[in-house]
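See structure below.
In the working numbering, the protein residues as written are 1 to 1079.
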């Protein structure tokens, strides 16, 4: 730097690790004044005046005195730049989560020390504020002091908040590990962070107040809506009640009419019964007179009937005697006739026996003739085959051939049985191997389910890849966590802690063009947030470790990380190249106990003990080693292990089994074919043997058959039937039977004549009896007719007498009931008003019943009503009135809230829009100066939803592209860094917070953008109106522009650093100028 002057700013460092740094600022003439006294720019309340660190991370003891404006902290990696950021955060009561490093505050104490101390001096008008934090590593506890007095963390947080310091706000405090998260902030989060950072103190309060007002407004709107709905329903109910009241009075009128009808009906019933009683009395007297005349006319006919009964008795007795004689004669006739029928059947049986004998003899003669013809045919056939040769030698040869075939078939069948047993064994083994492979695949599916639960976009991209692998030229591997297989689940935690989750869920490609094609599809077209990496062109998977593991075994190291898991070639190559897994040893508890010795070993950069990870950094200047350690967390994804070698062996065995099964099937088919040939030959020989055997035995069979037939013929010729003799015997039997039939016929004729005589005598007696019976029947008919009329008249008289008594009782009861219903005394006369009311009603029972049914039907149609309906109607009228008053009150309250919201909105939204416009003006100018386009606007889905307002950042880095919203996925890492830095620069000029911290944000920028951003940062952060700014970077480009307002702090560490009191800035500058002149 030309013409630069300098001042010492950082003091001596104690212990094994020494750190010093210097703050330099450009001054064309004399050294600048001390900033404590005002300097080139004034400190503002809350600015950092001094930072002291004791036994904190890489420092033994260090004091940092920053300037009031732009402070550039520069130094190589591992020297302790980020340690200053950590000290600022923790010293100002920030949470460890803000830093994104260790989650326990004790991890920030220098290794080997029991406690560490951070002391920060803040500028404050009227007296500086000194905050002291003492951190104890053993129990992760802290002791706080404020201006030398003990206090609690809450007091410190309140003091820090009062100075508008917000270490949890990424717009003010952006640690190295949180740089990537700035682009991940939602629009809403970015707005709140911006309000807190550069807005007026009341802006964020107004925003929160607006959100609360809006929530209360929603509650009131819901209440008003509910009240209005309830009021409308109440009005509808009372309208229904009004109709019910009308129906109630209508029903009451019907009931009154029913009551009058019920009172008149018993009087009408009484009058009807009384009139009927008079009619019954007259009818009964007339019936009594008719009954007396009928009884006098019936007496002569009864006497004549008795006389005829005396004449009929002897005639009936004679008829019965004749009937018995006729029955006996008929029985004897029947017996004779049955005997005659039996003789006739006997003659038919004799004739049938003769016919059977004749038929039998005809059949016998036919069989004799057939036997003679058969014997002649057999003798002719025997003569034809008498000279055939002997077939015994041929049959013997065929038997030998059949035995040989049987032996071969048995041998072949044995081979088939052996092959079947072998096939069964191989199938059993194949099923066992398939089960083991399925178990291993199920474990892989479990890993895939964990991936889907943790990162759905990666899982969706995985499904797409499996369906479209044919689109890629080179090898493509699924996410590392699925293809990495840890050999022992106990080692999974080391592998998972060593490889970042972003890489564990990354797809690995052999070719870069395949990766670009994949990312274009899943990220751009499908909008999925996935990671992909390309394997090194030259394989690194076989790289050898720096030292043999046996040489490290004395420290408890037992293996290198690469040997603990299996992975495909390209994946292992990437891990060896990126994470050097081939050179990371893993030890045990012995390693931890010897850690102070282990870290002195050369070539070790990262190592693991049983429960911790150690990272070693060696200074390029002093060769001094600085260490950091962190706990090894339990494995979440890689603990599900599958032995890849065993799986490959199982798959190979499965292939071998399938090959063996195919061979066995082919051999079985060949044996079956051979068995078919043998079977066919066997059948042919059996047929031939059968033909020869039949030919040999045919002559013998013919001779036997001829002998049998001749013997049968002789027997048939001896058994001839004598038909003439049988015919003579048959005629004699028929003549004897006919003689007996003649005797039976004579007896039958005698009995038939006797029966005819008895029948004639019975007929004459019956004619006499019929005449008497006819006369008696006529008399009985006449008497019966008069008797029926007499009985009918008598019954009618009895019935009328009973009816008279019933009607008399009924009239008495009806009269009593009618007076009781009308509430009248027994001797009371009929009331005149009731008579007048009855005159308006019908006079007959039918008309009264019809009217009663009509009135009751109308009354029953009006159901569910009682006297409470009127009371309910009046009560609901009062409720509606009360609801209308409540609704009016709530509407007034809601209108008041809306007025408050409108006023609060004006107080908040107008300044906010102005603030965003100012940020957009600066942000756009910064991008325009870089030949890019950037915009910042206030975005909201709905103007009334104040919790949905947010700040949207849109950028364009190429002329061919469009403005795109800044996200964690769309822009590259360098573009996100540039956008983040320029947004923070836009906030810097608004100067609402006392200081800002940005740690290594320029790491992803290309040189052109880095130079442009640096110039913008210098121009912005070095203005007198801006607040203190800390910019941490491990490198700087050459020929940058510097100003006198800048403070450059160089951070170095090592054993041979000069203490600050021996640092000669003038001599250092003089030597630098001399070296430059020599060049």
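Backbone N, C-alpha and C fix where the C-beta goes; we use that ideal spot for every residue, glycine too.
- For residue 1047, DSSP records a beta bridge to 71.
- Between residue 807 and residue 273 the beta-carbon gap is near 6 Å, inside 8 Å, which marks them as a contact.
- Residue 153 sits in a helix when the DSSP states are folded into three classes.
- Distance from residue 583 to residue 560 at the Cβ level is roughly 7 Å; contact confirmed, criterion being Cβ atoms closer than 8 Å.
- The Cβ atoms of residue 535 and residue 494 lie no closer than 8 Å to each other.
- Counting only runs of 3 or more residues that sit fully inside the region 583-616, the beta strand (DSSP E) segments are 606-608, in chain order.
- The DSSP-derived three-state label of residue 52 is strand.
- The alpha helix (DSSP H) runs of length 4 or more contained entirely in the region 844-930 are, from start to end of the chain, 845-861 and 868-929.
- Annotation for residue 502: no beta strand (DSSP E) segment contains it, though the alpha helix (DSSP H) segment containing it runs 501-504.
- Note that the C-beta distance between residue 468 and residue 506 is not below 8 Å.
- Annotation note: the region 622-665 contains the following uninterrupted beta strand (DSSP E) runs of length 3 or greater, listed N- to C-terminal: 625-631.
- Here the region 405-413 lies against the region 670-684, with 3 or more beta-carbon pairs under 8 Å apart.
- Annotation: residue 131 is outside any alpha helix (DSSP H); the continuous beta strand (DSSP E) that includes it extends over 129-136.
- Counting along the chain, residue 723 sits inside the alpha helix (DSSP H) bounded by residues 723-821.
- Counting along the chain, residue 518 sits inside the alpha helix (DSSP H) bounded by residues 512-519.
- Residues of the same chain with a CB within less than 8 Å of the CB of residue 418, apart from the 5 flanking positions on each side, do not exist.
- Nearest in C-alpha terms to residue 882, of all of 235, 970 and 90, is 235.
- Remark: C-beta atoms of residue 203 and residue 209 do not approach each other more closely than 8 Å.
- Its Cα nearest to that of residue 518, the residue 463 stands out among 463, 59, 542 and 487.
- As DSSP reads the structure, residue 937 sits in a beta bridge with 952.
- Boundaries of the beta strand (DSSP E) harbouring residue 534: 531-534, taken from the DSSP string.
- Relative to the Cα of residue 43, the nearest Cα in the group 256, 876 and 123 belongs to 123.
- In this structure, 969 is the residue among 994, 860 and 969 with its C-alpha nearest to the C-alpha of residue 524.
- Measuring C-alpha to C-alpha distances from residue 1044 to each of 53, 69 and 61 identifies 69 as the nearest.
- Only residues of its own chain outside the window of five on either side were considered, and among them 55 have a CB closer than 6 Å to the CB of residue 113, listed in chain order.
- Annotation: residue 780 to residue 324 spans about 31 Å, alpha carbon to alpha carbon.
- Beyond the five residues adjoining it in sequence on each side, residue 667 comes within less than 7 Å, by CB distance, of 419 in the same chain, given in chain order.
- Beta-bridge analysis with DSSP links residue 369 to no other residue.
- Under the DSSP definition of a beta bridge, residue 145 partners with 132 and 150.
- A straight-line Cα-Cα distance of about 40 Å links residue 1068 and residue 923.
- Ranked by how close their Cα comes to the Cα of residue 557, the residues 601, 533, 538 and 572 have 601 in first place.
- Each residue's CA atom was taken as its position, placing residue 526 and residue 461 some 9 Å apart.
- Secondary structure within the region 88-121: the alpha helix (DSSP H) runs of 4 or more consecutive residues, fully enclosed, are 96-99 (chain order).
- Collapsing the DSSP output to three states places residue 1042 in coil.
- For residue 940, the closest of 927, 957 and 912 by C-alpha to C-alpha distance is 912.
- Residue 492 is classed as buried because its beta carbon has at least 16 other beta carbons within 10 Å across all chains shown.
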